[in-house]
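Take the sequence shown: its letter number 75 is residue 75 in the numbering used here, and every next letter is one higher. Glycine included, each C-beta is placed from N, C-alpha and C at the ideal position. In what follows, a single structure is set out as structure tokens and then discussed.
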Amino acid sequence: MFFPARSRRGDSCCLGIAAVAILAALGLARPAAASSHDFQVLGLQPPKEEVEAPDFTLKDLNGKQVQLRDFRGKVVFLNFFATWCVPCRLEMPAMERLSRAFKDKGLVVLAVDIKESAMVVRAFLKELKVTFPALLDEDGSVAFTYGIRPLPATFLIGRDGKILWRAFGAREWDSAASRQYFSRLLSDGKH
């Protein structure tokens, strides 16, 4: 898997966070990078090491083959979902707003449905007024490759094809903090 299982040593992690917070309050330490705050606020998990996003080819709702590598040079917001998943349903409208806000700035939102028919997915997306592309992982193999556990699961893939972070569970993707993060990310040209 891309992200090793969490250690159960939560106490030492909490002590480390508390120590950094105290040092920062005293002006003796600064966050290592601006994105570390974003990760904390948005609940994003960066990979332990630089990892290339596994390429895949899936059909869209019209039966057209789509490859992840076709989006090289853009930032890809890759979301795994299912129509029966309540948290997935809850975050879709925010994803739509995020897509509309940043698609002209280089963000591609791709939703990957796991093991459902095109007819079911099409009806779901129509009901929610979603316009970004949806792909069908008919046998669940792509979800397995990405180590998807709970749904929804989201990966952000940089312009270079490397995974920047993952998030499990629903997020308010169009919150002020999220919009600020994506605005900075897409304007810096690095990722």
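- Query: Which residue comes first and which comes last in the beta strand (DSSP E) that contains Asp-60?
  - Reply: By one-based count along the sequence shown, residue 60 stands at place 60. Following the DSSP letters along the chain, one finds Asp-60 inside the beta strand (DSSP E) bounded by residues 57-60.
- Please state whether DSSP places Ala-176 in a helix, a strand or coil. Here residue 176 is taken as the residue at index 176 of the sequence shown, counted from 1. Three-state DSSP puts Ala-176 in a helix.
Quiz prompt | Beta-carbon separation (whole angstroms), Met-95 vs Trp-165, contact threshold 8 Å | solution = Your numbering for residue 95 matches position 95 in the sequence shown. Your numbering for residue 165 matches position 165 in the sequence shown. With 8 Å as the limit, Met-95 and Trp-165 do not qualify as a contact, their Cβ atoms being about 16 Å apart.
At what residue ranges does the stretch 93-163 contain a whole run of the beta strand (DSSP E), taking only runs of 3 or more?
-> List check, beta strand (DSSP E) in window: 107-114, 134-137, 153-157.
Between which two residues does the beta strand (DSSP E) containing Gln-45 stretch? Locating residue 45 in the sequence shown gives position 45, where the first residue counts as 1. Counting along the chain, Gln-45 falls outside any beta strand (DSSP E), and DSSP gives it neither H nor E.
Determine, using beta-carbon pairs with one atom in the stretch 123-137 and one in the stretch 156-163, whether at least three such pairs fall under 8 Å.
When C-beta atoms of the stretch 123-137 are compared with those of the stretch 156-163, fewer than three pairs fall below 8 Å, so the two segments do not count as touching.
Sorted by chain position, which residues of the same chain lie with C-beta nearer than 8 Å to Ala-25's C-beta, five sequence neighbours on each side aside? Here residue 25 refers to the residue found at position 25 when the sequence shown is read from its first residue. Caution is warranted here: a pLDDT of 36 is assigned to Ala-25, below 50, making its placement in the model unreliable, and the coordinate value is therefore given only provisionally. Hits under 8 Å: none found.
Query raised in the report: So, do the stretch 54-68 and the stretch 88-106 have three or more beta carbon pairs nearer to each other than 8 Å?
Result: With a cut-off of 8 Å on Cβ pairs, the stretch 54-68 is not in contact with the stretch 88-106, counting fewer than three such pairs.
task = Would you kindly work out how many angstroms separate the C-alpha atoms of Gln-40 and Ser-175, rounded to a whole number?
result = Taking the first residue of the sequence shown as position 1, residue 40 is located at position 40. Taking the first residue of the sequence shown as position 1, residue 175 is located at position 175. Counting only the Cα atoms, Ser-175 lies some 14 Å from Gln-40.
_Assumed close pair Leu-78, Leu-44 - CB separation to whole angstroms, cut-off 8 Å_ = Position 78 of the sequence shown holds residue 78. Position 44 of the sequence shown holds residue 44. About 13 Å separates the Cβ atoms of Leu-78 and Leu-44, ruling out a contact at the 8 Å cut-off.
Confirm, please, whether the CB-CB distance from Ala-153 to Lys-115 is below 9 Å.
-> On the sequence shown, position 115 is the one that residue 115 refers to. On the sequence shown, position 153 is the one that residue 153 refers to. In this structure, Ala-153 does not lie closer than 9 Å to Lys-115 by Cβ.
query: Using CA coordinates, which residue listed in Phe-155, Pro-150, Thr-145, Val-66 is at the minimum distance from Trp-84?
result: As a first step, residue 84 is located in the sequence shown; it is residue number 84 there, counting from the start. Comparing Cα-Cα distances from Trp-84 to each of Phe-155, Pro-150, Thr-145, Val-66, the minimum goes to Pro-150.
Classify Arg-69 as helix, strand or coil using the three-state DSSP reduction. Here residue 69 is taken as the residue at index 69 of the sequence shown, counted from 1. Helix.
Q) My guess is that Leu-61 and Ala-118 are in contact by the Cβ rule of under 8 Å, so how many angstroms apart are they, rounded? A) Within the sequence shown, residue 61 is the residue found at index 61, counting from 1. Within the sequence shown, residue 118 is the residue found at index 118, counting from 1. The pair is a contact, with the Cβ atoms about 5 Å apart (cut-off 8 Å).
Taking the C-alpha atoms as reference points, what is the distance between Ser-187 and Lys-48?
Taking the sequence shown and counting its residues from 1, the one referred to as residue 187 is at position 187. Taking the sequence shown and counting its residues from 1, the one referred to as residue 48 is at position 48. The straight-line gap from Cα to Cα measures roughly 25 Å.
- Message: Going by the DSSP bridge assignment, what does Phe-81 pair with across the sheet?
- Response: Taking the sequence shown and counting its residues from 1, one reaches residue 81 at position 81. In DSSP, Phe-81 forms a bridge with Asp-113.
*Cβ-based burial, Phe-102 [other Cβ within 10 Å; buried from 16]*: Residue numbering aside, residue 102 sits at position 102 when the sequence shown is read from its first letter. Answer is buried; the Cβ neighbour count reaches 16.
Starting from Val-76, follow its DSSP beta bridges and name the residues at the other end.
Here residue 76 refers to the residue found at position 76 of the sequence shown. Among the bridge pairs identified by DSSP, Val-76 is matched with Val-108, Ile-157.
With a threshold of 8 Å on Cβ separation, who are the neighbours of Ile-148 within its own chain once the five nearest residues in sequence on each side are excluded? Against the sequence shown, residue 148 aligns to sequence position 148. Result list for Ile-148: Phe-80, Ile-114, in chain order.
**Asked** Shortest alpha-carbon distance to Cys-88 belongs to which of Val-112, Val-76, Ala-177?
**Response** Start at 1 with the first residue of the sequence shown, and residue 88 comes out as number 88. The shortest Cα separation from Cys-88 among Val-112, Val-76, Ala-177 belongs to Val-112.
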